[in-house]
Amino acid sequence: MPQQVRGVIARAKGAPVEIVEITIPDPGPGEVVVAVATCGVCHTDLTYREGGINDEYPFLLGHEAAGIVESVGEGVDSVEVGDFVVLNWRAVCGQCRACKRGRPQYCFDTHNAKQKMTLEDGTELTPALGIGAFADKTLVHAGQCTKVDPSADPAVVGLLGCGVMAGMGAAMNTGNVGRGDSVAVIGCGGVGDAAIVGARLAGASKIIAVDRDNKKLEWARDLGATHTLNATEFDVVEAVQTLTGGFGADVVIDAVGRPETWKQAFYARDLAGTVVLVGVPTPDMTLEMPLVDFFSRGGSLKSSWYGDCLPERDFPMLVDLYQQGRLPLEKFVTERIALDQVEQAFESMHRGEVLRSVVVL
1 MPQQVRGVIA RAKGAPVEIV EITIPDPGPG EVVVAVATCG VCHTDLTYRE GGINDEYPFL
61 LGHEAAGIVE SVGEGVDSVE VGDFVVLNWR AVCGQCRACK RGRPQYCFDT HNAKQKMTLE
121 DGTELTPALG IGAFADKTLV HAGQCTKVDP SADPAVVGLL GCGVMAGMGA AMNTGNVGRG
181 DSVAVIGCGG VGDAAIVGAR LAGASKIIAV DRDNKKLEWA RDLGATHTLN ATEFDVVEAV
241 QTLTGGFGAD VVIDAVGRPE TWKQAFYARD LAGTVVLVGV PTPDMTLEMP LVDFFSRGGS
301 LKSSWYGDCL PERDFPMLVD LYQQGRLPLE KFVTERIALD QVEQAFESMH RGEVLRSVVV
361 L
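Heads up: the sequence shown begins at 1 in the UniProt record's numbering, then just goes up one per residue.
Written out as structure tokens, the structure reads:
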């Protein structure tokens, strides 16, 4: 039988979010209903509310989630009722040209649930990133559920569902940071700080955190940055070069996603260094640079989509490292809040007061 549960929706651009009753259908073939335990408040949810993704309102917000599988549809054998799972928005198809080439992290046809969750009047909801987890329960594709150690704190490991994985993967997977590398990270919010953690885990010898907010720089140092630079006080390119013997960093990660920060990343890298763009630009942003500057440097210019992760490979490994005390994921949880505090959490995030607010259901 379909179920009525609470959910947080955005009805219109810029309108405050609302808690309403939503309808969760029984899972169909390949689908799973998950009882949500926790869900992080990610900037992407705010972007949905502001119309920065698309205009398919109303949105059911929330996507950085962990919970318990409540029921499964026909043909589901990857998870079963009672499994503790972290949700992901990259359920790979296994059949597209990227998957067949052994590059499933670039899958062009990722899966979501086919059925729609709705309002009580039947209005279809658009779930954020195909998940919609600011709700007591949600309907997802089975491939969006990754089983992890059930003894782990859901408020902590649920953050792997988006921002933490995006940042760590930008360093470890996309940037291929290695032992002894120098790394600079521009922008020290949740994603940037996760990139710092990833660089440290990968063995980087020098990790330079760049931001305009001293509080965020303190967070970055606590999470593994060896040096911090306030971009309002230093020329970022010159400062990074000075800290790396005049050469520039081996890997520079732009976790902001603006033309000016990408240019800083480009010129702050070593001649054969790597630039990784993981911050999300808006569609109106453009970049103008001398073409000869691209020609005169080697290395790589990369974009990182979800940290180039494979959830079924990466989530269990990272949860195990967290459980062993080798990965300080708990430091990303600034506060634990109730479902009716999402709007206030957006305001705190906008003011730069939190790394992550986590809704506990």
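Where a beta carbon is used, it is the ideal one built from N, C-alpha and C, also for glycine.
Between the alpha carbons of Val5 and Pro328 lies a distance of about 33 Å.
In this structure, DSSP gives Asp77 a state outside helix and strand, which the three-state scheme calls coil.
Taking every protein chain shown into account, the CB of Leu287 has fewer than 16 other CB atoms within 10 angstroms, so this residue is exposed. When Gln341, His227 and Pro283 are compared, the shortest CA-CA separation from Pro259 is found for Pro283. When the five nearest sequence neighbours on each side are left out, the beta carbons in the same chain lying within less than 6 Å of the beta carbon of Ala35 are those of Gly67, Ile68, Glu70 and Lys137, in order along the chain. When rounded, the separation of the alpha-carbon atoms in Met117 and Glu21 is 11 Å. Taking a C-beta distance under 7 Å as the contact criterion, Val32 and Val140 qualify as a contact pair. Secondary structure of Gln264 (DSSP, three-state): helix.
Residues Val177, Asp181 and Val183 of the same chain have their beta carbon placed closer than 6 Å to that of Ala204, with the five preceding and five following residues left out of the count.
By the neighbour-count criterion, in which a residue is buried when 16 or more other Cβ atoms sit within 10 angstroms of its Cβ, Gly307 is buried. Per DSSP, the continuous beta strand (DSSP E) segment holding Asp211 begins and ends at Lys206 to Asp211. Where Ile196 is concerned, the enclosing alpha helix (DSSP H) starts and stops at Gly190 to Ala202.
The criterion of a C-beta distance shorter than 7 Å is not satisfied by Cys39 and Ala10. Between Cys145 and Val79, the CB-CB gap stays under 7 Å.
According to the DSSP assignment, Leu291 belongs to the alpha helix (DSSP H) that extends over Leu291 to Phe295. The beta carbon of Glu124 is closer than 6 Å to those of Lys116 and Thr118 in its chain, skipping five residues each way along the sequence. Contact check for Leu61 and Ala113: beta-carbon distance about 16 Å, past the 8 Å limit, so the pair fails to qualify. With fewer than 16 other beta carbons inside 10 angstroms of its own, Ser151 counts as exposed. The alpha helix (DSSP H) runs lying completely inside the region 15 to 75 and spanning 4 residues or more are 43 to 49, given in chain order. From the listed residues Glu18, Phe332, Glu120 and Val92, the smallest Cα separation to His111 is found for Val92. Under the three-state reduction of DSSP, Phe84 is assigned to strand. When secondary structure is reduced to three states using DSSP, Asn176 falls in the coil class, being assigned neither helix nor strand.
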